[in-house]
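Only one structure is covered here, and it is reproduced in the block below.
Numbering (the working numbering), first residue to last: 7 to 85.
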């Protein structure tokens, strides 16, 4: 039995704040907080609304926050 605080299958770390995750097939969001082991999500394209993940153990990390930050740093130098 897994709990929301347990890492997903494969031994990877659970989602953290700023990670882009897939919370349902084809549905992605950004993790805004983790409260009592439950990730809180918001829509990637709007800053309104925030909700707790319905099935935290089924969330799949699409891109880690560190990867997103690196991407932006690279673009800053392309001017």
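Glycine residues also receive a C-beta, built at the ideal position from the N, C-alpha and C atoms.
Predicted model, so just to flag it, every value in this text is computed and none were measured.
Which word fits residue i, buried or exposed, when buried means at least 16 other C-beta atoms lie within 10 angstroms of its C-beta?
i          : result
residue 23 : exposed
residue 60 : exposed
residue 31 : exposed
How long is the line joining the alpha carbons of residue i and residue j, rounded to whole angstroms?
i          : j          : result
residue 58 : residue 46 : 4 Å
residue 35 : residue 71 : 12 Å
residue 21 : residue 28 : 10 Å
residue 26 : residue 67 : 6 Å
residue 40 : residue 18 : 17 Å
residue 62 : residue 37 : 11 Å
residue 33 : residue 73 : 20 Å
residue 64 : residue 51 : 22 Å
residue 53 : residue 69 : 19 Å
Tell me residue i's beta-bridge partners as DSSP assigns them.
i          : result
residue 35 : 27 and 49
If contacts are defined as beta-carbon pairs under 8 Å, then residue i and residue j qualify, I think. What distance do you get, rounded to the angstrom?
i          : j          : result
residue 55 : residue 49 : 6 Å
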